[in-house]
Amino acid sequence: MLLAISACKQPENAAPQAPEPGVAAPPGCGAAGFLKARVYGAISATLDWSGDDLKCEGMPRPEGRGARLLFTGSVGDRSIVIIVAMPELTRASADAELASNITFIEEGGSRFFSTADLDVCITQIGSTEALDDSGDRYSVSGSVYCVSPLAEVNGDSSISLSELSFSGLLDWNAS
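Using our numbering, the first residue of the sequence shown is number 2, and each one after it goes up by one.
As structure tokens, this is what we get:
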């Protein structure tokens, strides 16, 4: 019996297995994941998230129109979520400039800031790299440029983002 159990044990130095297709990967951003930005206005902060300070996930947008990347980190005791939604993003969008919707959420404080439409922010995709042979999991990096502030959805203030750059994970098979 012990011989059978030890035969099933993976060696300690074995590479981690990728999740099965259709199964969400655990939250995290990989070794190279990060989000950096400066925030001005109703909320002022310098964001420099990576490693254990950052959670991210990416999935297709509703009706298969592009994809969105979610980044979660903290500013002091506040949890912040930034969503970069790119309706025209494809697996082959490296070096593309894409109109984007940006949403900034202060969790617990119930404050939501967002672009009203696609003519405010552009995402310059720096790279899209396949992470495995499935054709579904990618590392996506880029920078976001906004020409006007993000209005507060449930209030009358706004924030401005500058120097927003990121590297996150996208699973085209996630829901």
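Even glycine gets a Cβ: it sits at the ideal position worked out from N, Cα and C.
Checklist entry - Near residue 1, what residues of its chain come up, given a Cβ to Cβ distance below 6 Å and the 5 sequence neighbours on each side ignored? => result Only positions 2 to 176 of the chain appear in the structure, and residue 1 is not among them; the question remains open.
Item to check | Proximity below 8 Å, CB of residue 145 to CB of residue 170 | outcome: Indexing the sequence shown from 1 puts residue 145 at position 144. Indexing the sequence shown from 1 puts residue 170 at position 169. No, the pair does not count as a contact, with Cβ atoms beyond the cut-off.
Checklist entry - In its own chain, which residues sit with a C-beta less than 7 Å from the C-beta of residue 47, not counting the 5 before and 5 after it? => result Position 46 of the sequence shown, counted from the start, is the residue given in the question as residue 47. Contacts found: 39.
Item to check | For residue 157 and residue 71, the rounded distance between their alpha carbons | outcome: Numbered from 1 along the sequence shown, position 70 holds the residue referred to as residue 71. Numbered from 1 along the sequence shown, position 156 holds the residue referred to as residue 157. Residue 71 and residue 157: Cα-Cα distance of roughly 24 Å.
Checklist entry - Within this structure, are the beta carbons of residue 34 and residue 149 separated by less than 8 Å? => result On the sequence shown, residue 34 is found 33 positions in, with the first residue counted as 1. On the sequence shown, residue 149 is found 148 positions in, with the first residue counted as 1. No, the pair does not count as a contact, with Cβ atoms beyond the cut-off.
Checklist entry - Between the C-alpha atoms of residue 176 and residue 140, what's the straight-line distance to the nearest angstrom? => result For the purposes of this step, residue 176 is identified with residue 175 of the sequence shown, where counting begins at 1. For the purposes of this step, residue 140 is identified with residue 139 of the sequence shown, where counting begins at 1. Residue 176 and residue 140: Cα-Cα distance of roughly 17 Å.
Checklist entry - What are the residues that DSSP puts in a beta bridge with residue 131? => result Numbered from 1 along the sequence shown, position 130 holds the residue referred to as residue 131. Paired residues: 139.
Checklist entry - Who are residue 102's beta bridge partners in DSSP? => result Here residue 102 corresponds to residue number 101 of the sequence shown, with the count starting at 1. Answer by DSSP bridge pairing, in chain order: 86.
Checklist entry - Is it right to say residue 69 is buried, meaning 16 or more other beta carbons lie within 10 angstroms of its own, or is it exposed? => result Residue 69 sits at position 68 when you count from the first residue of the sequence shown. The residue in question, residue 69, is buried, as its Cβ has 16 or more Cβ neighbours within 10 Å.
Checklist entry - In this structure, does DSSP put residue 78 in helix, strand or coil? => result What you label residue 78 is simply residue 77 of the sequence shown in a count that begins at 1. Reduced to three states, the DSSP call for residue 78 is coil.
Item to check | Residue from 80, 135 and 109 with nearest C-alpha to residue 172 | outcome: For this step, residue 172 is matched to residue 171 along the sequence shown. Checked all of 80, 135 and 109; the closest Cα to residue 172 is 135.
Item to check | Under the three-state DSSP convention, the category residue 49 falls into | outcome: Taking the sequence shown and counting its residues from 1, one reaches residue 49 at position 48. Correct three-state label for residue 49: strand.
Next on the checklist: Give me the DSSP bridge partner(s) of residue 168.
Outcome noted: Residue 168 sits at position 167 when you count from the first residue of the sequence shown. According to DSSP, which records beta bridges pairwise, residue 168 is partnered with 35 and 142.
Next on the checklist: Taking 7 Å as the limit between beta carbons, can you name the residues of its chain near residue 43, skipping five residues before and five after?
Outcome noted: Counting from 1 along the sequence shown, the entry for residue 43 is found at position 42. The answer, listed in chain order, is 153, 158, 159 and 160.
Next on the checklist: Tell me the rounded alpha-carbon separation between residue 164 and residue 122.
Outcome noted: Here residue 164 is taken as the residue at index 163 of the sequence shown, counted from 1. Here residue 122 is taken as the residue at index 121 of the sequence shown, counted from 1. Taking the straight line joining both Cα atoms gives about 12 Å.
Checklist entry - Opposite residue 61 in the DSSP bridges: which residues? => result Working through the sequence shown from its first residue, we reach residue 61 at position 60. 68.
Next on the checklist: Let's test the definition: count the other Cβ atoms within 10 Å of the Cβ of residue 110 and tell me whether it reaches 16, buried, or not, exposed.
Outcome noted: Position 109 of the sequence shown, counting from 1, holds the residue named residue 110. Answer is exposed; the Cβ neighbour count stays below 16.
Next on the checklist: On a Cα-Cα basis, can you pick out the residue from 61, 30, 32 and 143 that is closest to residue 91?
Outcome noted: Walking along the sequence shown from the start, residue 91 turns up at place 90. Selected option, being the one with the closest Cα: 61.
Item to check | Closest by C-alpha distance to residue 76, when choosing among 63, 49, 58 and 64 | outcome: Counting from one through the sequence shown, the residue named residue 76 turns up at place 75. When each option's Cα is compared against that of residue 76, the closest is 49.
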